[in-house]
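Everything below concerns the one structure shown next.
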Amino acid sequence: MRQIWKSFRALYFASLMMLIGSGLLSTYLALRLAADHVDGLWVGALMAANYFGLVLGGKIGHRLIARVGHIRAYSACAGIVGAAVLGHGLVDWLPAWLVLRTIVGLGMMCQYMVIESWLNEQADANQRGVVFSGYMIASYLGLVLGQLILVMHPGLGLELLMLVALCFALCLVPVALTRRIHPAPLHPAPMEPRFFIKRVPQSLSTVLGAGLIIGSFYGLAPLYASQQGLSTEQVGLFMGTCIFAGLLVQWPLGWLSDRYDRALLIRCFAGFLAIAALPLAIMPQVPLEILFVVGFLCSLVQFCLYPLAVAFSNDHVEGDRRVSLTAMLLVTYGVGASIGPLLAGVLMKMFGSQSLYAFFTFFALVLVWRIRPKAVTNLHQVDDAPLHHVAMPDSMSSSPLVAALDPRVDEQVVQEQMQTTVAPEPAPEPATEPESPVEPDAGSDSPAPDISGARP
3 MRQIWKSFRA
13 LYFASLMMLI
23 GSGLLSTYLA
33 LRLAADHVDG
43 LWVGALMAAN
53 YFGLVLGGKI
63 GHRLIARVGH
73 IRAYSACAGI
83 VGAAVLGHGL
93 VDWLPAWLVL
103 RTIVGLGMMC
113 QYMVIESWLN
123 EQADANQRGV
133 VFSGYMIASY
143 LGLVLGQLIL
153 VMHPGLGLEL
163 LMLVALCFAL
173 CLVPVALTRR
183 IHPAPLHPAP
193 MEPRFFIKRV
203 PQSLSTVLGA
213 GLIIGSFYGL
223 APLYASQQGL
233 STEQVGLFMG
243 TCIFAGLLVQ
253 WPLGWLSDRY
263 DRALLIRCFA
273 GFLAIAALPL
283 AIMPQVPLEI
293 LFVVGFLCSL
303 VQFCLYPLAV
313 AFSNDHVEGD
323 RRVSLTAMLL
333 VTYGVGASIG
343 PLLAGVLMKM
353 FGSQSLYAFF
363 TFFALVLVWR
373 IRPKAVTNLH
383 QVDDAPLHHV
393 AMPDSMSSSP
403 LVAALDPRVD
413 EQVVQEQMQT
423 TVAPEPAPEP
433 ATEPESPVEP
443 DAGSDSPAPD
453 ISGARP
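First residue of the sequence shown? That's 3 in the numbering used here, and the numbers climb one at a time after it.
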């Protein structure tokens with residue numbers, strides 16, 4: 003573990019700073035609009051725009067990386083995201099904020115893709131699970147620390163936007179100063195939606211439901227807490243506690259997932275979420291102690307749905323399709339997370355703040371109805387099922403390239419489906435500059451050109 007930490011600490015630090023900034027920005031914007039008495043619909047729309055940007059970035063990010071290289075793409079996106087963050091302080095027009103949030107999501111997805119392809123390049127085959135766990139811990143920890151900044155700095159002035167921009171500036175440093183060569187460009191494998199809708203419909207339903215619930219949570223839980231009368235410090239503590247619950251539950255969840263039927267677990271956790279959210283759904287005003295306890299319990303189970311659905315789907319898809327499956331699951335999650343905050347925002351505007359947890363209860367019950375263990379035929383179950391459960395960060399902190407780090411996906415399949423093979427070309431004329439560096443073989447001693455074009 004010490005050696006892995008030493009090898010990957012720069013990339014973990016970059017992820018940590020990115021998620022500190024992202025978590026702080028989401029909560030800050032919700033509280034800022036609540037302080038200005040803006041409808042919850044706008045708060046939900048801002049989070050929906052962020053997830054739309056993440057989905058869009060997953061589609062175009064690999065093209066940017068292939069065109070200009072990893073370091074340039076990461077540096078450019080970090081600069082654009084920092085500028086978009088500061089733009090929130092320069093413009094008060096809410097439609098412009100929607101555009102800025104989309105830009106933030108798009109740029110962050112490109113940054114995730116750079117970090118994940120770099121982690122995959124440097125991780126040995128037998129270390130991928132541990133490296134992936136470290137990445138997940140850094141992601142969740144960053145989201146928690148972003149909320150705790152509000153505890154230490156409760157003012158909703160422009161200083162918090164400056165802190166967010168500072169985080170995105172600092173996340174640039176370890177990548178910009180690296181002496182390592184560019185990793186081989188990776189691209190998302192083509193999705194096969196019709197195939198997966200037929201093969202793993204219950205997993206896709208769970209992922210869509212998880213996106214609806216968790217996307218609404220990130221976007222609107224700060225607004226809900228504020229409307230319950232919590233101060234800015236208490237809202238930050240509430241959000242930090244709930245997100246920490248998501249990190250805390252991952253290892254017990256892995257133990258359960260490897261020993262019990264996963265469809266049954268999904269149904270049980272969805273049912274528990276429906277019951278746990280019910281007090282907050284029916285009580286207009288909730289005592290502080292109950293709010294924290296029930297919010298913590300809801301988060302324990304709502305952050306279980308996505309990892310369980312990923313594990314369940316991998317049990318029923320052949321190894322050569324798991325790269326495409328990962329992309330399909332993340333896009334499905336992103337669609338749900340884009341729609342959820344809008345729907346929940348409308349409900350909160352019409353029926354009050356408690357509608358957020360009524361929204362959670364309703365869709366949890368939909369999952370209880372939809373996920374029926376008796377409907378699982380196991381007709382396409384792989385021979386080595388159940389596969390080992392891997393704690394998965396949600397799509398707010400990962401990209402379609404995360405399949406390259408998932409130890410359940412065979413490394414050879416990753417190389418065949420996600421790495422572009424560069425065919426030999428005739429020697430260029432002396433005056434012609436190559437458009438992009440040639441990828442070295444994994445075992446080659448000849449490094450790719452660095453960003454200056456000079457060989458090391």
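Just so you know, even glycine gets a beta-carbon here, dropped at the ideal spot from N, CA and C.
### Message
List, from N- to C-terminal side, the beta strand (DSSP E) runs of 3 residues or more that fit wholly inside the segment 328–383.
### Response
none
### Query
Exposed or buried, Gly-25, counting other C-beta atoms within 10 Å across all chains shown (16 or more means buried)?
buried
### Query
Looking at the structure shown, is Leu-188 part of a helix, part of a strand, or coil, going by DSSP?
strand
### Query
Are the beta-carbon atoms of Val-83 and Gly-59 separated by less than 8 Å?
no
### Query
Is it right to say Gly-159 is buried, meaning 16 or more other beta carbons lie within 10 angstroms of its own, or is it exposed?
exposed
### Trp-95: first and last residue of the uninterrupted alpha helix (DSSP H) it sits in
Per DSSP, Trp-95 belongs to no alpha helix (DSSP H) and is neither H nor E.
### Message
Out of Val-175, Leu-48, Thr-208, which one is the CA nearest neighbour of Ala-311?
### Response
Thr-208
### Query
Can you name, in chain order, every residue of its own chain whose Cβ lies under 6 Å from the Cβ of Ala-36, other than the five neighbours on each side?
Leu-225, Ser-228
### Task
Classify Met-154 as buried or exposed, calling it buried when 16 or more other Cβ atoms lie within 10 Å of its own Cβ.
exposed
### Task
Could you check which residue in Val-93, Gly-347, Pro-185 has the C-alpha nearest to that of Ala-406?
Pro-185
### Task
Would you please state the rounded distance, in angstroms, between the beta carbons of Val-177 and Ala-78? I believe it to be under 8 Å.
Wrong, their Cβ atoms sit about 11 Å apart, outside the cutoff.
### Query
Is it buried or exposed for Gln-252, if we count other Cβ within 10 angstroms and need 16 for buried?
buried
### Message
Using C-beta distances below 7 Å, list every residue in its chain close to Leu-162, excluding the 5 sequence neighbours before and after it, in chain order.
### Response
Leu-26, Tyr-30, His-155
#### Entry: Identity of the residue in Asp-38, Glu-194, Val-295 nearest Arg-323 by Cα
Glu-194
### Query
Under the three-state reduction of DSSP, which class applies to Val-392: helix, strand or coil?
coil
### Message
Using the Cβ count rule (16 or more neighbours within 10 Å means buried), how would you classify His-90?
### Response
buried
### Query
Are the beta-carbon atoms belonging to Gly-221 and Pro-343 less than 8 Å from one another?
yes
### Task
May I have a chain-ordered list of the alpha helix (DSSP H) segments no shorter than 4 residues that lie completely inside the segment 209–285?
234–250, 252–259, 264–284
### Query
Is the beta carbon of Phe-170 within less than 7 Å of some heavy atom of the ligand ADP?
No copy of the ligand ADP appears in this structure; indeed no ligand is present at all.
### Task
Determine the direct distance from the alpha carbon of Asp-412 to that of Leu-165, and round the result to whole angstroms.
40 Å
### Message
Assuming contact is defined by CB atoms lying nearer than 8 Å, are Val-237 and Leu-143 in contact in what I supplied?
### Response
no
### Query
Does DSSP classify Gln-414 as helix, strand or coil?
helix
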